[in-house]
Each structure stands twice: as structure tokens, then as C-alpha cells.
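Participant:
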Amino acid sequence: MKKIRIHEEYCIGCHLCEITCVVKHSPSGKLIKTFRDTNRPAPRVRVEEEGYVSFALQCRHCDDAPCVENCLTGAMYRDEETGVVLCDEDRCVGCWMCIMSCPFGVAERNAEHTHIGSKCDGCVKKGEVPPCVENCPNEALTYE
Amino acid sequence: MNEIRTPYLIVGFSVAGLWGARTIWQKDPEASIVAVSDEDGFYSRPLITYFLGGKSQSIEHRLKVPEGAPFTFLSGDRVEHLDTQNRMAFLRSGKKVLFDRALIATGGVPVVPPIQGLTNEGVFTFTGRRDLMAMQEFLRRTNPKRVLILGGGFIGLKTCEAFMHLGLEITLVELASRLLPLMLDEEASRYLEDALRKTGVQVVLKETIQGLEGNGEKLTRATLQSGAHLPVDCAVVAVGVRPNVAWLSDSGITVRRGVVVDAFQETSQTGIFAAGDVAETRNLLTGEWNVVAIWPEAVRQGKVAGMNMTGERIPYPGSLPLNALDLGGLALVSAGIVNPPEGAPFEVLVRREKHAYMKVVLAEERIVGLIMLGRIEKSGLYIRLLRERIPVTEFKERLLDPRFGLVNLPREYRKSWVEGVGMEV
């Protein structure tokens, strides 16, 4: 399985990865339409910044993912075909076990605090490159 | 057939048992496993409160026994006697199971204090599928208005959350001076009490029930220790659970509060392992032996036990008490030592906001305890720092910052922590 690789020394903190992620997961898929919508989805990748250091962080799809093991319902699961960790929102009851378990601190609640939100879903088909990687102007994210 | 022979016997089949079995099959998909359970099958116990409150449509978990796995499930049965010398289990049904290795995963049973009037209709414990079914039947038939919950611990509060969704009048009685006495401190409890009171729940601390009375048919009144009377239609006793070990009294297995296991989840009898709410394990932080009855521990212990039952020798790093909860819209996470004794070696960092509270307990420059309430994002990162005993000296002043993240950690951790394809630095 290909994973998104993070290179903090190339990250310029431009947040384009967040923007393209939001567009990708919005109903229209269009930049301006998406950002005029106040109900637009939250980004599934977040730029962490501290002084001059920055990098884009999203779910690492851990091998022994604690969020999957600790999920009370099985809402968090691994797609056997792609190896990606996904969240089935219909099953999520908002127990927050995954937030407590995520060793990178990337699991978050959605805006309404009802379910888990902004979970990287490895959004592309085989052979394609995720938009956060594709649109990074300085190759601070690569897909390999 | 009354005699069954198996390489692997699993007694009790909830989360620890299922993970034990899955781990054995991971190593050897052909391994035949016999499980004995007094339930009908595997389901997610913690989901019963979500189901009652209408937040979940089912108590089934996505995880199942893999299709085609060599599995014999003896449901509605119990092991009554375990002969550890001859490796035989005698079941209530009269069946006899001969095994090579066994996993004890019988979980916990609710503690019921000796209160008068427990036999009145409308008095429940609430830890399993049967409790759920009985409660639902009772709610449908009698349409109760006023419920009393005895115990402000994890189960009591989760039951409270379910009743809140059902729109019932709730009185919550807790003996300690705070809610979730093992997970919160007094200050954090005040936030939770406020959130509960805002939704109409009566929270009564430092109190307990002296007696319950009925009208001959069903529950009508509770009397508190103070002498106050409370009209109630339904009461839930949720003062805690204890390991389900009574059936092991003549087995020769060392039992204190729970079944004592070593670092490999093996009991005092070779070849017999224990995991989950029934097991007494070494605490990761204190080194003391205790029962840490939570889902994440049941998973981890079940995995280690399963591995070692196949002949591996994988040690378990120790149990960490931790949990998460959402009540009346207030989310909270707690882990480790949250009420340390005053003074060295403990250092306490606290951040207070109107609707959020955070407490980090340090000892020798390492995180040993955490409470996050209102704002729970990143709690997993703090808990990882705790588990891995990472010194926080370099970033201590940032620990309470709501923007604290991986970026605040020294480079060497950032690089090595990102699993699979690594993060370059």
C-alpha cells in the first residue's frame, strides 16, 4: 500500500494541502463554490506549525491501528483491499475511544461533536495521487 | 457428544476472548478453538447504553469470528469446574472439554451492595445484553418517569447518558465527593456536575441508598442515607464490577481480586492464561497488581495471551487505566494517575477555561496522568508520551497549549514515530 510521506524540511506552511483536501471532499469539487459554502467539510490533513518548523499531518493508517482495536462499534476499520483505515460514520456513536487512542493526535470530532470527523480516507483510486500531495508546491508531501 | 478435545479453550467470549481467538488464528488459521459462554454470541458490551439511548441501532460489533474458522461455540453454558492438573473443564451442561491451553476471559460481574428492597421490580444492574433486554421490556411495559442511578462511575454515567436521551427524570447518587472518582479530580467533576445539572439531572454526592421500597408490585420509593425519601419508578445499581472468579475457587489458580497473571498473561497454572476484566495485571505506572477493566486493556491483554498461547513469549508492558466519555455534550478523557498525593515527585499542570479543563500530572519530567475535559483532541498524543515515558523537559511549557502537537516534540521522536513510510527530518 502506498502511503503519504511527510517531508518537514520542504514544507512552507502554505496550507494548500488543507484547501485541496476540503475541495476534494466537498459535493461540488470546485474551489470557489466549496469555500463559499459555510457547511464545507473540515480538512482531513492539518498543517502543524511552530516557529519555522511546519509539516502536514494526516492519519498514518498505522499497521496495528489502536483506533481500530479500541473502537467500541467497529466504525473504525481497515479496508482489507487498500489497507486504508476508514471510519463508517453510521456506526460511530461518538465514544471518542479513537481520539484517546490516536498516537499522533489526528483523530478529531466533527463540528457538531456527534461523530468522528476529518479522517483521512486515502481518497484516490489506484494509480492516482491524492490532491494534498499533487498540489503541494514544494514536494513536502510525496506518495510512495 | 459429551467429551470434546481441543488445543485451545476460551472461557468467556467477549472482547478479550475474541481477540485471543483472532490472534491464535492469525498465527495458525487451522487451530481449532472451543469457546464457552453463557451469552448467545459475541457483541459489544459497552454499546448497551448507546443502544438504550437510541444512539446505536445495534449492539453488534463489526468484528466477528472469521468465516470458516475452526470454531466451536458452546453458548448458554458455563464452566463449573476447571481441573488444571488434567486440563479438563466441566460444564454445567454436563459436557467435558479436554484442552491443551486455556484462556480465562470471563469478565466482570456487577457489584450489588446489600440494600433492602433490591428484589422489587424495576431494580436493575446494567452491564450486559440480558440487562438491556430486561430494561427495554420494563420501559415499554411500565413507562417509568423517575429513575435513580446509584453510582457515579463509568457505568452509572453511561446509563445516565442513555436515560437523558430517553427524556427521563434522573437522580444520580454517588458516595464519593466527585463523579467518576477514579477518572476525575474534584475540579473536573464540578464541570461535569454543571453539565449534568443543566440538562436536568439531579446529582447527589456523598450519599447512598439505604433502602428501596415497593408497593408489592414494583419499586416506588428510595430512602437515602440522610433519611430523605425519593419517589422512583426505576433504579439502576452501578457501583462497580468485580472479576468473575467464583467458579475458579477450587481450581488451584491464584486469585486475589482477579486472576493473577504474570507479564505473559499466564496464570499461576502453566498453560492457563487470563485476559480482560477478570485478570489482575501489573499496572504500567505504579507496578502494583490490579484489575483494569476497560475495553482497550481487554484487547491488548487478549492479543498478548493469544500470542503466548501459541508458544510465543511476548511480554505485556503493563495495564494503563484510561477511558473516554461524552455526557450531555461534554467530552472527557482520563488516563493514568489523576489524583496524585501532594508533593514530590509529582508536579501538576492545570489549564482552566469556561467550558474546558485540562490537567497533566508529571513525575520526574514524564507524564503519568491526564484529564482533558471539553477539549479532548490530541489526548492520544499525551497518552502516547505517557506510555513511552518520554521526558517532557524540552517542551513542558507547551504542554497545556491547545495547539500542542507532534510539531512540539524533538525531531528524533517526530521521525521515528511516524509508522510505515516515515516522516523525514
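Going line by line, the protein sequences match chains P and W.
The numbering of the first sequence is our numbering, which starts it at 1 and goes up by one.
The numbering of the second sequence is our numbering, which starts it at 145 and goes up by one.
Just so it is clear, CB atoms sit at the ideal spot from N, CA and C, and this is done for glycine as well.
According to a CB-to-CB cut-off of less than 7 Å, which residues of the stretch 517-540 of chain W neighbour chain B?
Facilitator: Absence of chain B from the displayed structure is noted, the protein chains being P and W.
Participant: What separation, rounded to the nearest whole angstrom, lies between the Cα atoms of Asn39 of chain P and Leu31 of chain P?
Facilitator: Their backbone Cα atoms lie some 14 Å apart in a straight line.
Participant: Which two residues bound the contiguous alpha helix (DSSP H) that contains Leu474 of chain W?
Facilitator: Where Leu474 of chain W is concerned, there is no enclosing alpha helix (DSSP H), although the beta strand (DSSP E) it sits in stretches over 474-480.
Participant: Hey, Cys132 of chain P and Ile116 of chain P: beta-carbon distance below 7 Å or not?
Facilitator: Contact flag unset, no.
Participant: Output, in chain order, the set of chain W residues within a Cβ distance shorter than 7 Å of Glu15 of chain P.
Facilitator: Per the sequence shown, the amino acid found at residue 15 of chain P is His instead of Glu. Going along chain W, no residue has its Cβ under 7 Å from His15 of chain P, so there is no contact; the nearest lies around 14 Å.
Participant: Give a yes or no on whether the minimum CB-CB distance between Asp470 of chain W and chain P is below 7 Å.
Facilitator: Answer yes: the Cβ-Cβ gap between Asp470 of chain W and chain P drops below 7 Å somewhere.
Participant: Which two residues bound the contiguous alpha helix (DSSP H) that contains Leu340 of chain W?
Facilitator: Segment 330-342, the alpha helix (DSSP H) holding Leu340 of chain W.
Participant: Mapping the DSSP letters down to three states, classify Ile458 of chain W as helix, strand or coil.
Facilitator: Here Ile458 of chain W sits in coil by DSSP.
Participant: Compare the C-beta of Arg206 of chain W with all C-beta atoms of chain P and state if any pair is closer than 7 Å.
Facilitator: Yes, contact with chain P.
Participant: What residues of chain P sit near Tyr194 of chain W, judged by a beta carbon separation below 7 Å?
Facilitator: Correct list: Val93.
Participant: Can you find at least 3 beta carbon pairs, one from the stretch 259-278 of chain W and one from the stretch 311-328 of chain W, that sit closer than 8 Å?
Facilitator: Counting Cβ pairs under 8 Å, fewer than three are found: no touch.
Participant: Could you check the C-alpha separation between Gly295 of chain W and Gly420 of chain W for me, to the nearest Å?
Facilitator: Spanning the two alpha carbons is a distance of roughly 22 Å.
Participant: Step through the CB atoms of chain W and report whether any lies within less than 7 Å of the CB of Glu139 of chain P.
Facilitator: No, because no Cβ of chain W sits closer than 7 Å to the Cβ of Glu139 of chain P.
Participant: Can you list the residues of chain W that Glu48 of chain P reaches, using a CB-CB cut of under 9 Å?
Facilitator: Neighbours of Glu48 of chain P on chain W, chain order: Arg547, Gly549, Leu550, Val551, Asn552.
Participant: Taking 7 Å as the CB-CB cut-off, is Val565 of chain W touching chain P?
Facilitator: Its pLDDT being 45, under 50, Val565 of chain W is placed unreliably by the model, and the measurement read from it follows with that caveat. At least one chain P Cβ lies under 7 Å of Val565 of chain W.
Participant: Leaving out five residues before and five after Glu134 of chain P in sequence, what residues of the same chain have Cβ atoms less than 7 Å from its Cβ?
Facilitator: Answer for Glu134 of chain P: no residue qualifies.
Participant: What does the alpha-carbon distance come out to for the pair Gln201 of chain W and Glu556 of chain W?
Facilitator: Spanning the two alpha carbons is a distance of roughly 45 Å.
Participant: Give the straight-line distance between the Cα atoms of Lys362 of chain W and Glu305 of chain W, rounded to the nearest whole angstrom.
Facilitator: Spanning the two alpha carbons is a distance of roughly 24 Å.
Participant: Quick one, which residues of the stretch 416-445 of chain W are near chain P if we go by CB-CB under 7 Å, in chain order?
Facilitator: For the stretch 416-445 of chain W, which is checked against every Cβ of chain P, the residues closer than 7 Å are Trp439, Pro440, Val443.
Participant: Quick check on Trp433 of chain W: does DSSP put it in helix, strand or coil?
Facilitator: It is a strand residue.
Participant: Could one say the Cβ of Ser101 of chain P lies closer than 7 Å to chain W's Cβ atoms, at least one of them?
Facilitator: Output row for Ser101 of chain P: interface = yes.
Participant: What did DSSP end up calling Asp470 of chain W once you bin it into helix, strand or coil?
Facilitator: It is a strand residue.
Participant: How would you label Asn452 of chain W, buried or exposed, when you count the other beta carbons within 10 angstroms and need 16 or more for buried?
Facilitator: Flag for Asn452 of chain W reads buried.
Participant: Between the beta-carbon of Val551 of chain W and the beta-carbon of Met516 of chain W, is there less than 7 Å?
Facilitator: Not a contact, by the Cβ cut-off of 7 Å.
Participant: Got a sec, what are the start and stop residues for the alpha helix (DSSP H) Arg401 of chain W sits in?
Facilitator: Arg401 of chain W -> no alpha helix (DSSP H), and no H or E assigned at all.
Participant: Step through the CB atoms of chain P and report whether any lies within less than 7 Å of the CB of Lys362 of chain W.
Facilitator: False, the Cβ-Cβ gap to chain P never drops below 7 Å.
Participant: Could you check the C-alpha separation between Ile154 of chain W and Asp244 of chain W for me, to the nearest Å?
Facilitator: Approximately 11 Å between the Cα atoms of the pair.
Participant: Are the stretch 69-78 of chain P and the stretch 22-30 of chain P in contact at 8 Å, needing three or more beta carbon pairs?
Facilitator: The stretch 69-78 of chain P is not in contact with the stretch 22-30 of chain P.
Participant: State yes or no: is the C-beta of Asn287 of chain W nearer than 6 Å to some heavy atom of the ligand GDP?
Facilitator: No copy of the ligand GDP appears in this structure; indeed no ligand is present at all.
Participant: Would you mind stating whether Phe490 of chain W and Ala507 of chain W have Cβ atoms separated by less than 7 Å?
Facilitator: Cβ distance < 7 Å, so Phe490 of chain W and Ala507 of chain W count as in contact.
Participant: Residues of chain P with CB closer than 8 Å to the CB of Val389 of chain W, please, in chain order.
Facilitator: Per Cβ cutoff of 8 Å: no residues; Val389 of chain W is ~25 Å from chain P at best.
Participant: Tell me, please, whether the CB atom of Asn110 of chain P is closer than 7 Å to any CB atom in chain W?
Facilitator: Chain W contact via Cβ: absent.
Participant: Straight-line CA distance for Ala500 of chain W to Gly518 of chain W?
Facilitator: Computed Cα separation, rounded: 4 Å.
Participant: What residue does the beta strand (DSSP E) around Asp64 of chain P start on, and which one ends it?
Facilitator: Per DSSP, Asp64 of chain P belongs to no beta strand (DSSP E) and is neither H nor E.
Participant: Could you name the residues of the same chain whose beta carbon sits closer than 6 Å to that of Leu312 of chain W, not counting the 5 residues immediately before and after it, in chain order?
Facilitator: Correct list, in chain order: Val291.
Participant: Could you spell out where the alpha helix (DSSP H) holding Arg528 of chain W opens and where it closes?
Facilitator: Looking at the DSSP string, the run of the alpha helix (DSSP H) that includes Arg528 of chain W is 523-531.
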